[in-house]
Every structure is written in structure tokens, then in C-alpha cells.
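Down below is the structure, laid out as C-alpha cells.
Protein chains: 2
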Amino acid sequence: MQAMLKALAEPRRVAILELLSGGEMRAGAIAEHFETTRPAISEHLRVLEDAGLVTQRREGTRRIYAVRKESFAELRRFLDRFWDDGLTRLKDAAEEEARARRRPRPR
Amino acid sequence: MQAMLKALAEPRRVAILELLSGGEMRAGAIAEHFETTRPAISEHLRVLEDAGLVTQRREGTRRIYAVRKESFAELRRFLDRFWDDGLTRLKDAAEEEARARRRPRPR
DNA sequence: CGCCTATGTAAGCAGATGCCTACGCTTCTG
DNA sequence: CAGAAGCGTAGGCATCTGCTTACATAGGCG
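Protein chains in written order, with this note's numbering: chain A, 293 to 399; chain B, 293 to 399.
Shown next as C-alpha cells:
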């Protein structure tokens, strides 16, 4: 769990997850979205995978990465321990998000 | 938001939040729960406060810290962006809890 | 095979970070 | 006011971490 939190501490890794939330991608394609070098992204992907936040599969010479969604459920459960009336606010958040979904520009 | 994630990357700070989830505490009392020195804890508390994860108030010469619960709601909303069916589950959990809450809640 | 493509790995460097000791600043208390 | 109590701050050090430039590895293709 701490590995997940450490992995999320790096903005670049969060950006990678945002990219992957749109669907799986291969390593090179991910790297092209950033100003940094490919090896740097490769390192980040390894950290994300070790933390269980992404999964990886090989396809020939390519490596396809995808968000491991269950990990976010685990994170949710973990964070709720610090939040005694969390379920009340959970409701609020859900309804607000649901409204935001229905309208493209809520604010 | 990234500040919150960075703050949570440190195990000691998570431990402090766990302590505070049981109720507010003064700085010295928090430090006594760890093997490390008081200034180290003071630093951690500053990081947690800057990140918005805890609040602080003064009481004479003492400083009382408490978890800022809304921050965990913010974290939840943030993390749900990576979890495409997260909103569905969020909504289900909220509605279930809303039904349970129609009865008076203990305090 | 020989070479190209797609990626991970290694070594080294610079900046960030956590911890420690020493010290400074408020707020009580007598 | 003087001293103590309760905490934050400063400076220094060791470690961690992310980035870059080579280099290694593995599969695909002629």
C-alpha cells in the first residue's frame, strides 16, 4: 500500500496514469507524450507496475501497459480509514460527480 | 493535490494520520508515539498541514492537530478519475449508506 | 544469419528529503 | 520579570530519486 502512495507521489507517474486511463498503450507511445526521455518513462512504468497500479503484457517486441483498476479500489478502502463519516461525504461526492457527468461544463 | 499525494508517500506521515484518526492530539503527544525525535515529527506535521491533510490550532503554548477530513474526499474524487466504473460503485455505496442513515446516528 | 525496432538496464550526477543537534520564539506561572 | 514548558526553525549530513547517456536484450523481417 505504501508502495502505491509512493508511486503516486511523482507528478509524472500520475500523468502516465491519466494517459492510461484512456486505454492501454505501449511504452513508446507513452513516452512520446512527455518531454523527457524514454528510459525515464521506462523507470516510471516499472515503479507503477511494482506498486500494482498498472499491468503489463508483451506483444511481440512491444510492451502494453494498462491501469490496474482494482488498485484504486484498494486505495479507496485504505484512505477511508482516516475518515470516520466518510460514507456521508461519499454520497455527496457521488451525486456531485453524477451531476457533473450529465453536463459537460458544470461550473 | 499532488502535495497531498507526496505527503502520503512517507510512511511516518501515514502513521501520524492513523494516530490522528482517533481524535485530535497535540504535537508533543504525537511525537511520543514514535522512536524518532520531536523536530522530525514537527516537520512531518508541517508537510501534512501544507498539503491540507491536517489542521492546526493553538491552545496556549500547545498546538493541536486534527485530520482534515474533506481532504480525503478530494483525494477520493481525484483517484476515481482513473477508475472508469468507479463512479457507479461510488453511487451505489452512497445510496446504500443514505438508506442506512435515515435512522439516527450514534455519536 | 544480419539488421532494425521496441524497450529495459546500468552508471553517474544533481536535486530533493528525512533525520539529528542546537537554538529561537511564545505563552504560562510564580 | 525570570524561568520553564511546548514547539517550530536552521544548518548539516546521509540517503533517495529522477534524469541523462550509453549499452544490452529480444523479437521481427529480409
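Note that the Cβ used here is the ideal one computed from N, Cα and C, for glycine as well. Note that this is a predicted model, so its numbers are computed, not measured.
Coil, strand or helix - residue i by DSSP
i         : result
A:Met-296 : helix
A:Arg-373 : helix
B:Arg-355 : strand
A:Arg-368 : helix
B:Leu-309 : helix
A:Arg-360 : coil
Closer than 7 Å to chain A by CB, residue i
i         : result
B:Leu-311 : no
B:Val-346 : no
B:Phe-326 : no
B:Leu-340 : no
B:Ala-307 : no
Interface flag, residue i vs chain B, CB-CB below 7 Å
i         : result
A:Leu-371 : yes
A:Val-359 : yes
A:Leu-285 : Lying before the first or after the last residue shown, residue 285 of chain A is absent from chain A, which here runs from 293 to 399.
A:Pro-396 : Annotation note: pLDDT 45 at A:Pro-396 (below 50); position unreliable, coordinate value reported separately. No, no contact with chain B.
Contacts of residue i in chain B (Cβ-Cβ under 9 Å)
i         : result
A:Ala-301 : Gln-294, Leu-297, Lys-298, Ala-299, Leu-300, Ala-301 and Glu-302
Assumed close pair residue i, residue j - CB separation to whole angstroms, cut-off 8 Å
i         : j         : result
B:Ala-319 : B:Tyr-357 : 7 Å
B:Arg-360 : B:Gly-344 : 6 Å
B:Ala-323 : B:Arg-330 : 4 Å
B:Arg-354 : B:Gln-348 : Wrong, their Cβ atoms sit about 10 Å apart, outside the cutoff.
A:Leu-311 : A:Met-317 : 7 Å
Chain B residues whose Cβ lies nearer than 8 Å to that of residue i
i         : result
A:Arg-349 : The premise fails here: A:Arg-349 is roughly 19 Å from chain B at the closest Cβ pair, so nothing lies under 8 Å.
Contacts of residue i in chain B (Cβ-Cβ under 7 Å)
i         : result
A:Arg-368 : Arg-368 and Leu-371
Original post:
Between the region 364–372 of chain B and the region 368–375 of chain A, do three or more beta carbon pairs fall short of 8 Å?
Top reply: In the pairwise beta carbon analysis, the region 364–372 of chain B is classified as touching the region 368–375 of chain A: at least three pairs are separated by under 8 Å.
Original post:
Should the region 340–351 of chain A be regarded as contacting the region 299–319 of chain A, the criterion being three or more beta carbon pairs within less than 8 Å?
Top reply: Because the criterion of three Cβ pairs below 8 Å is met, the region 340–351 of chain A and the region 299–319 of chain A touch.
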